[in-house]
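If you count by our numbering, then the sequence shown holds residues 1 to 172, one letter each, in order.
Cβ coordinates follow ideal geometry from the N, Cα and C atoms, glycine included.
Note that the coordinates shown come from a computational prediction; the quantities given were computed from them, not determined experimentally.
Below: the structure, in structure tokens.
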Amino acid sequence: NTPLPNDPTLNKLIMYGTPNEGTKMASTDNWRSMLNLVTNVSALALGTVVPVLPKIMTIIKAIALKVTDLPGINDLEETSEILEHLNSRGVDRTNYFVFTSKYEPQRKLLKHLFDEYLVDRAIFKRQPNDSVTPVAGAIFKAREEPVIMLEDTQFYIANEGDEVSHFSYLHP
Numbered sequence: 001n002t003p004l005p006n007d008p009t010l011n012k013l014i015m016y017g018t019p020n021e022g023t024k025m026a027s028t029d030n031w032r033s034m035l036n037l038v039t040n041v042s043a044l045a046l047g048t049v050v051p052v053l054p055k056i057m058t059i060i061k062a063i064a065l066k067v068t069d070l071p072g073i074n075d076l077e078e079t080s081e082i083l084e085h086l087n088s089r090g091v092d093r094t095n096y097f098v099f100t101s102k103y104e105p106q107r108k109l110l111k112h113l114f115d116e117y118l119v120d121r122a123i124f125k126r127q128p129n130d131s132v133t134p135v136a137g138a139i140f141k142a143r144e145e146p147v148i149m150l151e152d153t154q155f156y157i158a159n160e161g162d163e164v165s166h167f168s169y170l171h172p
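So this is what it looks like as structure tokens:
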């Protein structure tokens with residue numbers, strides 16, 4: 001591939017948990033599903049202990065649903081025109097390297113339940129993910145016919161036992 005005029009030159013690009021082919025986490029519909037589930041579970045679990053909680057959760061849900069149309073987040077949806085444009089550019093990608101993970105909390109019960117039922121099942125439909133980005137999308141393998149092909153030496157996927165989430169890639 002020949003570089004396009006005025007494109008910057010990169011010696012190496014290392015990406016951590018980047019939603020290169022988008023993420024279901026950016027979908028407004030998935031946010032609505034998750035908010036519905038969280039508010040319903042909270043109301044059931046804590047509604048009798050804290051009687052005002054169901055009303056508070058309903059208010060939070062109403063506020064959140066009105067602000068889910070966020071342009072920067074919408075650009076990370078799997079069908080985003082911006083991602084389609086970026087991924088279709090004719091540039092050399094042999095200098096791309098991706099680090100991602102299959103995050104599964106191992107020790108804390110509530111974290112595990114949140115991750116399993118809200119993130120893994122409700123949003124990612126059981127696709128391996130780092131809690132924000134699907135593994136396949138991070139390494140450009142989410143599509144049946146990938147636009148970008150990385151060699152196996154260009155990506156690393158941390159295992160579930162490593163407990164590396166999207167928010168802990170750069171923690172020591």
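Query                                                                                                                      : Result
Residue 143 versus residue 108: straight-line alpha-carbon distance, rounded                                               : 33 angstroms
Burial state of residue 88, where buried means 16 or more other Cβ atoms lie within 10 Å                                   : exposed
Residue 124, buried or exposed, once every other Cβ within 10 Å from all chains shown has been counted against 16          : buried
Residues bridged to residue 98 (per DSSP)                                                                                  : 15, 155
Backbone CA spacing between residue 79 and residue 168 [nearest angstrom]                                                  : 27 angstroms
Sequence-distant residues of the same chain with beta carbon closer than 7 angstroms to residue 76, five excluded per side : 19, 22, 23, 26
Residue 147 beta carbon near the ligand ZN (any heavy atom closer than 7 angstroms)                                        : Of the ligands one can find in the structure shown there are none, so the ligand ZN has no counterpart to examine.
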